[in-house]
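If you read the sequence shown in this note's numbering, its first letter stands for residue 24, the second for the next number, and so on.
In what follows, a single structure is set out as C-alpha cells and then discussed.
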Amino acid sequence: MKRVLQALLLALTGLGLLHTALFTDLCLRYVKEGLRPVLIASGVLLLVLGLAAAAAREKAGGQGHDHDHDHSTAPRIAWLLFLPALSLLFFPPPALGAYTASRANDRPPQQGRRFDPLPDTSSPVPMTLTDFTARVRQDRRQDMRGRSVRMTGFVTPAGQDGGWYLTRIIFTCCAADSQSVKVRMYGTPAPPADTWVAVTGTWHPRAALAALDVHGIRRVPQPVNAFTDDLPLTPS
C-alpha cells in the first residue's frame, strides 16, 4: 500500500474515533463512558500520525526523493482496512440488543449480599433489574412479596410461547465482555423486540427465575448510556 494511502488510513481512523467519541455518543454502544477519554486520545494520536506521514511524504517528494516509487505491492486485501475506518464515520454498527441478549451470558447475582429494607411507600419502588433479581433469589425476608416496583429495560422475546423478558445488557469494559440481566414478564403481550419500556408490577413468585406480574407498561426512549443497569428515571 502506498505511503499516501497509509497516511490516509491513519487519518480516517483517527477522524472516525473522534467522531464517535467527541462529537456524538455513538462510542457508548461499544465501550463504557469512562473509556471515552481514551478513545479521544487515540483518535488525536492517529490523526496526528496520519498528517505527519502525509507531510513527510510531501517534503520528500519536493526534494525529489519519492519513496513511493518502488515495486513492493501490498496484498489487495489490505484495502479492506478502509472499511472499518469509513464505517466509524458514515455507517456505525448498531448497538447490541435482543439478539445479543438472548445468547449472552447472564450476569450472576452477587453472592452473600445484604439487603437494605425497601422504602415504606405505596408508590412503585424504582429498582434496577440486577437488584430485583438478587432480592428475589437471595433475600430470605422476601421483602419483595406484594411490593410494587418500577423497572426499565428493553424487550427480548422469550421463545415460541410469546413470552418476553425485560432486559439490560451491561458492559464491564466494552461490548466484548457484555453480560445480560433479564426478568421474565407475565400478564401482558410482548412488545416488539428491542423496544425500550418502563414496567410496573409485583414479584411473580411462582416462576423458577426472577419474574414480574406486569400491571402497567409504557414505551420510553432508549437512554444515551444504555449499557448500564441504572435506576429508572421516568415515572410509569
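C-beta atoms are modelled at their ideal positions from N, C-alpha and C, and glycine is treated no differently.
- Are the stretch 106-116 and the stretch 24-40 in contact at 8 Å, needing three or more beta carbon pairs? For the pair of segments examined, the stretch 106-116 was found to touch the stretch 24-40: the number of CB pairs separated by less than 8 Å reaches three.
- For my contact list, alanine 30 and alanine 76 are in at a C-beta cut-off of 8 Å; report their separation, rounded to the angstrom. Their Cβ separation, rounded to whole angstroms, is 4 Å, which keeps alanine 30 and alanine 76 in contact under 8 Å.
- In DSSP terms, what lysine 205 is bridged to: Paired residues: Thr190.
- Query: What does a CB cutoff of less than 7 Å around aspartate 139 pick up in its chain, not counting 5 residues either side in sequence?
  - Reply: Within the same chain, aspartate 139 has no close Cβ partners at all.
- Query: If you scan the stretch 41-90 from start to end, which runs of the alpha helix (DSSP H) of 4 or more residues do you find wholly inside it?
  - Reply: Listed in chain order, they are 59-85.
- Do leucine 189 and methionine 167 come within 9 Å of each other at the CB atom, strictly closer than that value? No, these two residues do not count as a Cβ contact at 9 Å.
- Which runs of the alpha helix (DSSP H), 4 residues or longer, sit entirely within the stretch 122-169? For the stretch 122-169, the continuous alpha helix (DSSP H) assignments of 4+ residues that do not extend past its boundaries occur at 152-161, in sequence order.
- Mark alanine 78 as exposed unless 16 or more other C-beta atoms lie within 10 angstroms of its C-beta, in which case mark it buried. Flag for alanine 78 reads exposed.
- For aspartate 93, three-class secondary structure by DSSP: Residue placement at aspartate 93 cannot be trusted, given a pLDDT of 48 that sits under 50; what the coordinates show is reported in the next sentence. DSSP places aspartate 93 in coil when its eight states are reduced to three.
- Query: I think alanine 233 touches valine 159, with their Cβ atoms under 8 Å apart; what is that distance to the nearest whole Å?
  - Reply: A Cβ-Cβ distance of about 5 Å is found for the pair alanine 233 and valine 159, placing them in contact under the 8 Å criterion.
- Check the C-beta distance from arginine 207 over to alanine 181 and give it rounded, since I have them as a contact under 8 Å. Rounded, the Cβ-Cβ distance is 7 Å, consistent with contact.
- What did DSSP end up calling serine 180 once you bin it into helix, strand or coil? Here residue 180 is proline; the residue named in the question, serine, does not match the sequence. Reduced to three states, the DSSP call for proline 180 is strand.
- CB-CB under 8 Å to glycine 185, same chain, minus the five flanking residues each way: which ones, in chain order? In its chain, beyond the 5 residues on either side, Pro212 and Ala213 have a beta carbon closer than 8 Å to the beta carbon of glycine 185.
- Message: For arginine 170, which residues in the same chain have their Cβ closer than 8 Å to its Cβ, ignoring the five residues on either side in sequence?
- Response: By the criterion of a C-beta distance shorter than 8 Å, arginine 170 is surrounded in its chain by Leu141, Val148, Thr225 and Trp226, once the five residues flanking it on both sides are discounted.
- Message: One question on the structure: do valine 67 and leucine 41 come within less than 9 Å of each other, judged by their Cβ atoms?
- Response: The Cβ-Cβ distance between valine 67 and leucine 41 falls below 9 Å.
- For aspartate 200, name the three-state secondary structure that DSSP assigns. In this structure, DSSP gives aspartate 200 a helical state, which the three-state scheme calls helix.
- For threonine 179, which option in Pro215, Ala199, Leu74 and Asp200 has the closest C-alpha, if you only look at C-alpha atoms? Of Pro215, Ala199, Leu74 and Asp200, the smallest CA-CA separation from threonine 179 is found for Pro215.
- What first and last residue would you give for the alpha helix (DSSP H) that runs through alanine 108? From DSSP, the alpha helix (DSSP H) with alanine 108 extends over 105-113.
- Message: Tell me which residues share the same chain as proline 115 and place their Cβ nearer than 6 Å to its Cβ, disregarding the 5 neighbours each side in the sequence.
- Response: For proline 115, where only same-chain residues beyond five positions count, the Cβ hits under 6 Å are Leu49.
- Item | Closest Cα partner of leucine 51 within the set Asn248, Asp253 and Asp252 | The candidate whose alpha carbon is nearest that of leucine 51 is Asn248.
- Query: When the Cα of methionine 174 is compared with those of Ser125, Gln202, Lys205 and Leu254, which residue comes out closest?
  - Reply: Among Ser125, Gln202, Lys205 and Leu254, the Cα nearest to that of methionine 174 is on Leu254.
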